[in-house]
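Participant:
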Amino acid sequence: MNQWIKSYFSLCKMLLKKDDIDMNMVKSEWRMLLQNPRMLLVVFGLLFIPMVYASLFLIGSWDPYKNIDQLPVAVVNEDVEANYEDSTLRVGQELIENLEDNDNLGWHIVDRDNAMDGLDNGDYYMTVIIPDNFSRNAASVLSDNPEEMKLEYYTSDGRSFMAANISQTAAESLKQEIAKSVTHQYTVALFDQLGSIGDGFQDAVDGTTDLKDGNRELSDNLAILSDSTLTFEDGLASAEEGSEEIALNVGDVIDGSQELAEAVQSYTSGVFTLQEGLFQYVDGSSELNAGVNEYVNGVAQLNNGIFQYTSGVDELDQGIQGYTSSMSTVNNGFKQYVKGVYSLEEGMEEQKKGVAALASRNETLQDGSTQLTKGTIQLVDSMTQVENGAHSLEEQSQTYFDSVEQLANGSANLQASIQEVAGSIEGVPQQADQLVTGLEQLQETLDQASTVSVDTAIVEESLSLVKNEVASLKDQLENTEVATMGTEWIDNSGVDLTEEQSEQLKTAFADSKPESSKVTTTALSESLSSLSTSITEIQGIQNDLPEQDLTELIKGAESLKSGYDELKTVFSSEGNGSLQAGASQLSVGLHSLNENSSSLSTGIGEVAAGVSQLHDGASDLQSGTTSLSGGIEQYTGGVDQLKEASSQLQEGTSRLSSKSNDLLEGSQKLEDAGNELSSGSSQLTQGSSTLTHGMEELMSSGSDLNSGANQLVESGEDLQEGSEQLITNNDELNNGAQQIANGVPQLETAIWSLNSGINELYLGANDLSSGSSELYDGSKQLLSGTEELASSLEDGANDISNVNRDDENATMFSSPTSLIANEVTSLPNYGYGMAPYMMAVSLFLGAVIFCILVPVGRPSMHPTSGISWWFSKFSLLFIVSVLQAVIMVSIVLMIGIEPQSIMQLFMVAIVSSLAFMAIVQFFSVVFGNPGRFIVLVIMVLQLTASGGTFPVELLNSFFQTISPFLPMTHSIEAYREAISIGGTITTEMISLLSYFVLFHLGTFMFFTIKSRKGRSVEQEELSL
1 MNQWIKSYFS LCKMLLKKDD IDMNMVKSEW RMLLQNPRML LVVFGLLFIP
51 MVYASLFLIG SWDPYKNIDQ LPVAVVNEDV EANYEDSTLR VGQELIENLE
101 DNDNLGWHIV DRDNAMDGLD NGDYYMTVII PDNFSRNAAS VLSDNPEEMK
151 LEYYTSDGRS FMAANISQTA AESLKQEIAK SVTHQYTVAL FDQLGSIGDG
201 FQDAVDGTTD LKDGNRELSD NLAILSDSTL TFEDGLASAE EGSEEIALNV
251 GDVIDGSQEL AEAVQSYTSG VFTLQEGLFQ YVDGSSELNA GVNEYVNGVA
301 QLNNGIFQYT SGVDELDQGI QGYTSSMSTV NNGFKQYVKG VYSLEEGMEE
351 QKKGVAALAS RNETLQDGST QLTKGTIQLV DSMTQVENGA HSLEEQSQTY
401 FDSVEQLANG SANLQASIQE VAGSIEGVPQ QADQLVTGLE QLQETLDQAS
451 TVSVDTAIVE ESLSLVKNEV ASLKDQLENT EVATMGTEWI DNSGVDLTEE
501 QSEQLKTAFA DSKPESSKVT TTALSESLSS LSTSITEIQG IQNDLPEQDL
551 TELIKGAESL KSGYDELKTV FSSEGNGSLQ AGASQLSVGL HSLNENSSSL
601 STGIGEVAAG VSQLHDGASD LQSGTTSLSG GIEQYTGGVD QLKEASSQLQ
651 EGTSRLSSKS NDLLEGSQKL EDAGNELSSG SSQLTQGSST LTHGMEELMS
701 SGSDLNSGAN QLVESGEDLQ EGSEQLITNN DELNNGAQQI ANGVPQLETA
751 IWSLNSGINE LYLGANDLSS GSSELYDGSK QLLSGTEELA SSLEDGANDI
801 SNVNRDDENA TMFSSPTSLI ANEVTSLPNY GYGMAPYMMA VSLFLGAVIF
851 CILVPVGRPS MHPTSGISWW FSKFSLLFIV SVLQAVIMVS IVLMIGIEPQ
901 SIMQLFMVAI VSSLAFMAIV QFFSVVFGNP GRFIVLVIMV LQLTASGGTF
951 PVELLNSFFQ TISPFLPMTH SIEAYREAIS IGGTITTEMI SLLSYFVLFH
1001 LGTFMFFTIK SRKGRSVEQE ELSL
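Numbered according to full-length UniProt numbering, the sequence shown spans residues 1 to 1024.
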C-alpha cells in the first residue's frame, strides 16, 4: 500500500510543478486516512455503494417480461353460440381455446364471481369477460340493426400501473385477434354466398335466353306484318292513281262501261276478298292489342308481384334466420330434456328397487320391534329384581362384614384362651393354686370376650356354613392342597373381584398352609367340629359366669374336676394339636377374609350403583322402544305409500320416455328443415334481386310494345272503316255498273266516291304502315335489350364463378396487412434498457454519500496554499471516483451486459464519476450542509428530467427545459451509446469534462480564498 501511494505521489509530482503544490499536505491527507482505521473502513465500504445499488436493481429487474406469462389474468366466458348463415359462431369458445395456447399472460379460465373477487383481492391484475351476446352480435352483421361485439375487461391500476398497462395492451391484442377471427368467418360466409349468387346468375342467364328467343320470334312476325302493310299500301296507291285516271277519262270509261262492269264485278269480288282479309287483319290486330294489353298488364302485375315477392323474401329470410336460431336452442333443450328423461327413468328403476327392498324389510322390522318391546319390558322387570337383590346384597353384606370382623377378632382371643386353658389343664395335677390363677386368667379372658361381644350365634352359623362347604369340598378335593383349591375356587366363583383382591385371597390361602404344606379336608373338618364343641362349651361358661361370683367359682374349683376330666379329653395332646391347628387356620383365613371384605364391600357398592343406573337406562330404553315402535309403524306405512307412488311415477316416466324419442326426432327434423329453408331463402333473396332488375327492363320494353300495339289497333280500325265504305261503294259501283248505260253522271259520281274512299284507305294504310314500323322498331329494341341482359348476366355469372374463394383469400380479407419490424438498435431485455440510468444514478449517489461521510473540505494540516489544499483532496477523490466506476462496471459486466464497446463503457463510467464527484464536492465545501441539501435536490431533479425512464419529450415543459443542463442527462446518453447504440460519445464526454473542470475550478478558487483568510472550511461550516 505504501509503495502504491509513493508511486501515486511521484506521478502527481510529474504532472504538477513542485513549487506550486506542497506535497507534504498531500501526504498528510493520506496519512490521516491510513492511520484512521475507522475512516479507512468507511472509504473502503463507500467504494462499493454504486456497485451494490446498480447490481441489485439490475438483477431484480433484469428481464421482467420473461415472466409475463406468470402475470395472472382472469377470463370469464359467458358467450352463447349463435347461427350465422349456414354456420355456427362460437367466438367466445374459440377465443378461450386460443388463450389456452397463448403464453403472453397467465390466463385463468374462471367464472364471473371468482374473477371479480380475485381482482378485488389482488389475485388477478385484469379480468376479461366475454358476454353472453358476443357471438349473437357477431352474427347480426347483415341484419337491419347490427350490434357491436363488446368485450369487457376490468383492471386495477392501483395495485400495479405497469401490470395494468400490460393488461390493457393484451386486451387490445385480444380485440384485434377477435376482429381477425370474426372477419375471417364473415369472409368465408360471403364466399359461400358468392357461389350461390353465381348459380342464381346462371339461372337468370338461362331465363333471359328463353326471353331473347321469344322476342326474336316476335320481331320476325312484326317484320312480316310490316312488309304486308307496305304491299297493301302500294296497292292502294295504284288504286288511287287508277281512280284519278278514271275521273280524268270519263269518256273512256263510258266506252268501256261493259268492261268496267266486268271489272267491277271482279273488283267487288276482290273487295270482298279484301274485306275478308281486312276482317282477319282487324281481328288479328285486336287480338294483338288485347294480347299486348294483357302482356303489359301481366308485366305490371308481375312487377307488383315481384316487388311483393322480394319484400316477402326479405321478411321470410329474417323469419327463417330467427326460426333456425330458435330451433337450434329448442333442439339443444330437447336433447337435454331427453337426457333428463333417461336419467329420470334410470333413477326410477333404482328407486323402485330401493322401495321394494324397504318394503321387504317392513315385516322383519315390525317383528323385531315387537320382540324389542317385549324384551325391553322383561329387561325392566329383571332389572327391578336385580336392583332389589343388589340392595339386599349390600345390606346383608354389611352385616356379614361386621360378623367376619367380630369373628376374626374373637378367633384371635379364642386361640389365646385355648392355649391358656391347655396350659391350665396341664398344671391342675400339680397345684390347685395354679388352677385358681388360671380361673382368674379365664375370668379376664372371658371379660375380654364379653367386651368384644362376640355373637356366638353368628359364629355358629358361619361355622355351620363352613362345615357344609368343607363337607362338599371333601368329596371333590380329597387330599388337595389348600392353596390350589383356593385358587380354583376364586377363579370359578363368578364373583367380580379386582386383580388385586384376587391376589390377596390367593395369598391368604397360600399363607394358611401348615408347615407340611399339606392339609387334608378330613383334618380340617375334625378341627372345625372340635372348635364348634369348644365354642359351645365356652358359650355355656360365658353365660353362667355373670351369674356366679368369682370367689364362689374359686371355692367350687374342686367341683369342676369332672369338667376337667372332660376338658382333659378334649385337650389331650392329639386333640389339642388339631384344635390349635384348626384355630390357627381359622384365624388366618378370617383375617385374610376381613382384609378383602373392604374391597368386596366397595365392589358391592359399585355393583349396586351400577344396577341403579342400569335400571334407569332400562326405563329410558323402554320409553325409547315405545317411541321407536310408533315410528316404525309410521315408517312402514310411509314405505307402502312410497311403493304405490313409485309405481305410478315409473309408469308416467315410461310414457314420458317413449314420447321423448319422437319429440327428439321431430325437433331434429325441424332443425334440418329450418337449415334447408334458410339456404333456400338465401337463394330466393339473391334471385329476387336479379328478377327485379330484369323486370324493370321488361316493363320499359312492354310500354313501347303497348304503344305500338295501340297504334296498330287504331290503324286497323281505320282500315276496317275504309273497307266497310269500300263494300258500300262496291254495292253502289255494282248498281252503277248495271245502270251505267242510264247515265254518265252517276258513273262520275261513283268514280269520285271511289277516289275518295281510296284516299281514305290509303291514309289508313299509311297509319298502319307507320304503326307496324314503330312496333317493329320496339321489338328490335326489346330484342337488343334482352340480348344485352343475357350477355351481362352471363358475364356476371362468369366473373362470380372465377372469384377465388380459398381459405388463403379469406385470410387476406380478415388480415390484409402485416407489420415488418426493423430494429436499428435492439435490446435483449429490460436490464439493458435500464442499465444506463441506474449506472448514472449509482455513481451520483456514491458521490453524495462519500461527500457526506468523508470530510472533503477539512484540511489534514494548516493549508499552505489553495492549490495544495485542493490537490490534497483531489488526490483522494480521484482515486475513489475511478475505483467506484471500475468496480461498478466490472460487476455490471459480470451480470450479463455485453456492451458495444467495453473501453467506451469504462471511459464513460470514470468520467461520469469524476464529474459527479466534482459537483457534489463543490456544493458540500462551498455551502456546507445547505450545499448537501442542494445536491440532493439536484439528484431528485435528475431522476425525472434526465430521460432515464421516459423520453424527455414525454415530460412537461419544465423538465424538458432543464434536462440539457443536468450532468446525468449526458452521462445516460453516453452509456446508451457505449452499451447498445455503438455511436460516438465525443459530445457527451466534452459535456461531462466541462462539468468536471468547471466545478473543480470553483472548488479551487474557494480553497484559495479561504487559505488566504486563514480559515478552514470546518471553521466556515461552524460559523454557518
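Ideal Cβ positions, reconstructed from N, Cα and C, are used throughout, including at glycine.
1. How should H1000 be labelled, buried or exposed, when 16 other C-beta atoms within 10 angstroms of its C-beta is the threshold for buried?
2. State the DSSP-derived secondary structure class of residue 1038, mapped to helix, strand or coil.
3. How close, in whole Å, do the beta carbons of F965 and T944 come, if the pair is a contact with beta carbons under 8 Å?
4. What are the uninterrupted segments assigned as beta strand (DSSP E) that are 3 or more residues long and contained completely in the segment 821–893, given in chain order?
5. Answer yes or no: does any C-beta atom of chain E fall closer than 7 Å to that of F927?
6. Return yes when the Cβ of V76 is within less than 7 Å of the Cβ of I129, no when it is not.
7. Kindly indicate which residue of N956, D777, G106 has the alpha-carbon position closest to the one of S707.
8. In angstroms with no decimal places, state the Cα-to-Cα distance between G928 and P828.
9. With distance defined between alpha-carbon atoms, name the residue in I891, I879, N104, T370 nearest to T626.
10. Taking F922 and G1002 to be in contact with their CB atoms under 8 Å, please state how far apart those CB atoms are, rounded to whole angstroms.
11. Taking the beta carbon of G982 as the centre, do at least 16 other beta carbons fall within 10 Å, making it buried, or is it exposed?
12. If I measure Cβ to Cβ from G947 and keep anything under 7 Å in the same chain, skipping five residues before and after, which residues do I get?
13. Could you check how far apart the C-beta atoms of Y830 and S61 are, in whole angstroms? I think they sit under 8 Å.
14. Quick check: does the Cβ of V937 come within less than 6 Å of any heavy atom belonging to the ligand HEM?
15. CB P64 to CB Y124, shorter than 7 Å?
16. Rounded to the nearest angstrom, what separates M839 and V997 at their Cα positions?
17. Thinking just about the alpha-carbon of each residue, which of A835, Y154, V848, S156 is nearest to the one in S980?
18. Report buried or exposed for A449, applying the criterion of at least 16 other Cβ atoms within 10 angstroms of its Cβ.
19. Would you list the one or two residues that DSSP bridges to T155?
20. How far does the alpha helix (DSSP H) with A974 in it reach, from first residue to last?
21. Where does the unbroken alpha helix (DSSP H) through N98 begin, and where does it stop?
22. Could you tell me which of M907, I849, L914, V892 sits nearest to G874, measuring between CA atoms?
23. Excluding the 5 residues preceding and the 5 following T127 in the sequence, name in chain order all residues of the same chain whose CB lies nearer than 6 Å to its CB.
24. When we look at the beta-carbon of S994 and count the other beta-carbons within 10 Å, is it buried (16 or more) or exposed?
25. With DSSP as the reference, label S913 as helix, strand or coil.
26. Assign L56 to buried or exposed, taking buried as 16 or more other Cβ atoms, counted over all protein chains shown, within 10 Å of its Cβ.
27. Round the Cβ separation of I887 and F48 to the nearest angstrom and send it over; I've been treating them as touching at under 8 Å.
28. So, W869 versus P859, is the Cβ gap smaller than 7 Å?
29. Apart from the five residues just before and just after D113, which ones in its own chain have a Cβ nearer than 8 Å to its Cβ?
30. Give the secondary structure of N83 by DSSP, where H, G and I count as helix, E and B as strand, and everything else as coil.
31. In whole angstroms, what is the alpha-carbon distance linking L893 and A978?
32. Quick check on W30: does DSSP put it in helix, strand or coil?
33. Just the C-alpha distance for I59 and P50, rounded to the nearest angstrom, thanks.
34. Using 8 Å for Cβ pairs, my map puts L89 next to E100. What's the rounded Cβ distance?
35. Counting only the same chain and skipping the five closest in sequence on each side, list residues whose C-beta sits under 8 Å from that of A46.
36. How is the alpha helix (DSSP H) around V937 delimited, first residue to last?
Facilitator: Checking against the coordinates, here is how it stands:
1. Sequence index remark: in the sequence shown, residue 1000 carries index 1000 (1-based). Residue environment analysis places H1000 among the buried positions, since at least 16 neighbouring C-beta atoms fall within 10 angstroms of its C-beta.
2. Residue 1038 falls outside the range modelled here, since the chain spans only 1 to 1024, and no answer is possible.
3. As a first step, residue 965 must be located in the sequence shown, where it is residue number 965. As a first step, residue 944 must be located in the sequence shown, where it is residue number 944. The Cβ separation is near 14 Å, so there is no contact.
4. none
5. This model lacks chain E altogether; it includes just one protein chain.
6. By 1-based counting over the sequence shown, the position of residue 129 is 129. By 1-based counting over the sequence shown, the position of residue 76 is 76. Yes, Cβ-Cβ distance for I129 and V76 is below 7 Å.
7. Counting from 1 along the sequence shown, the entry for residue 707 is found at position 707. That would be D777, whose Cα lies nearest to the Cα of S707.
8. The sequence position of residue 928 within the sequence shown is 928, counting from 1. The sequence position of residue 828 within the sequence shown is 828, counting from 1. Approximately 44 Å, taken between the alpha carbons.
9. One-based indexing of the sequence shown puts residue 626 at position 626. It is T370.
10. For the purposes of this step, residue 922 is taken as residue 922 along the sequence shown, with counting starting at 1. For the purposes of this step, residue 1002 is taken as residue 1002 along the sequence shown, with counting starting at 1. Confirmed, Cβ separation roughly 5 Å.
11. To locate residue 982, count along the sequence shown from 1; it is residue 982. That one is exposed.
12. Walking along the sequence shown from the start, residue 947 turns up at place 947. The residues are S963, T969, I972.
13. In the sequence shown, residue 830 corresponds to position 830, counting from 1. In the sequence shown, residue 61 corresponds to position 61, counting from 1. Their Cβ separation, rounded to whole angstroms, is 6 Å, which keeps Y830 and S61 in contact under 8 Å.
14. With respect to the ligand HEM, the structure shown offers nothing to examine, as it has no ligands at all.
15. Walking along the sequence shown from the start, residue 64 turns up at place 64. Walking along the sequence shown from the start, residue 124 turns up at place 124. Taking 7 Å as the Cβ cut-off, P64 and Y124 do not qualify as a contacting pair.
16. To locate residue 839, count along the sequence shown from 1; it is residue 839. To locate residue 997, count along the sequence shown from 1; it is residue 997. If I take the Cα positions, the gap works out to 22 Å.
17. Within the sequence shown, the letter at position 980 stands for residue 980. It is A835.
18. Stepping through the sequence shown from its first residue, residue 449 is reached at position 449. At A449 the pLDDT is 43, less than 50, meaning the model places this residue with poor confidence and gives no usable figure here.
19. Taking the first residue of the sequence shown as position 1, residue 155 is located at position 155. For T155, which the question treats as bridged, DSSP gives the partners M126.
20. Counted from its first residue, the sequence shown places residue 974 at position 974. Here the alpha helix (DSSP H) through A974 covers 967–976.
21. Taking the first residue of the sequence shown as position 1, residue 98 is located at position 98. Its alpha helix (DSSP H) spans residues 91–100.
22. Counting from 1 along the sequence shown, the entry for residue 874 is found at position 874. The sequence as given places Phe at residue 874; Gly does not occur at that position. Taking F874 as reference, the option from M907, I849, L914, V892 with the minimal CA-CA separation is L914.
23. Here residue 127 refers to the residue found at position 127 of the sequence shown. If we look at T127 and ignore the five residues flanking it on each side, its Cβ neighbours are A74, A115, L119, Y154.
24. The residue given as residue 994 occupies position 994 in the sequence shown. Exposed, because fewer than 16 other Cβ atoms sit within 10 Å of the Cβ of S994.
25. Locating residue 913 in the sequence shown gives position 913, where the first residue counts as 1. Reduced to three states, the DSSP call for S913 is helix.
26. Here the question's residue 56 lines up with position 56 in the sequence shown. The residue in question, L56, is exposed, as its Cβ has fewer than 16 Cβ neighbours within 10 Å.
27. Residue numbering aside, residue 887 sits at position 887 when the sequence shown is read from its first letter. Residue numbering aside, residue 48 sits at position 48 when the sequence shown is read from its first letter. Right, their Cβ atoms sit about 6 Å apart.
28. Translated into the one-based positions of the sequence shown, residue 869 becomes position 869. Translated into the one-based positions of the sequence shown, residue 859 becomes position 859. Against a cut-off of 7 Å, the Cβ pair of P859 and W869 comes out as a contact.
29. Taking the first residue of the sequence shown as 1, we reach residue 113 at position 113. Excluding residues within five positions, none has a Cβ falling inside 8 Å.
30. To locate residue 83, count along the sequence shown from 1; it is residue 83. Strand, per DSSP.
31. To locate residue 893, count along the sequence shown from 1; it is residue 893. To locate residue 978, count along the sequence shown from 1; it is residue 978. Cα to Cα, the separation comes out at about 13 Å.
32. The residue given as residue 30 occupies position 30 in the sequence shown. In the structure shown, the three-state DSSP call for W30 is helix.
33. Taking the first residue of the sequence shown as position 1, residue 59 is located at position 59. Taking the first residue of the sequence shown as position 1, residue 50 is located at position 50. The straight-line gap from Cα to Cα measures roughly 14 Å.
34. Translated into the one-based positions of the sequence shown, residue 89 becomes position 89. Translated into the one-based positions of the sequence shown, residue 100 becomes position 100. Wrong, their Cβ atoms sit about 19 Å apart, outside the cutoff.
35. Your numbering for residue 46 matches position 46 in the sequence shown. Correcting the residue identity first, residue 46 is Leu in this sequence and not Ala. G846, I849, F850, L853, V854, V880, Q884.
36. Counting from one through the sequence shown, the residue named residue 937 turns up at place 937. From DSSP, the alpha helix (DSSP H) with V937 extends over 929–945.
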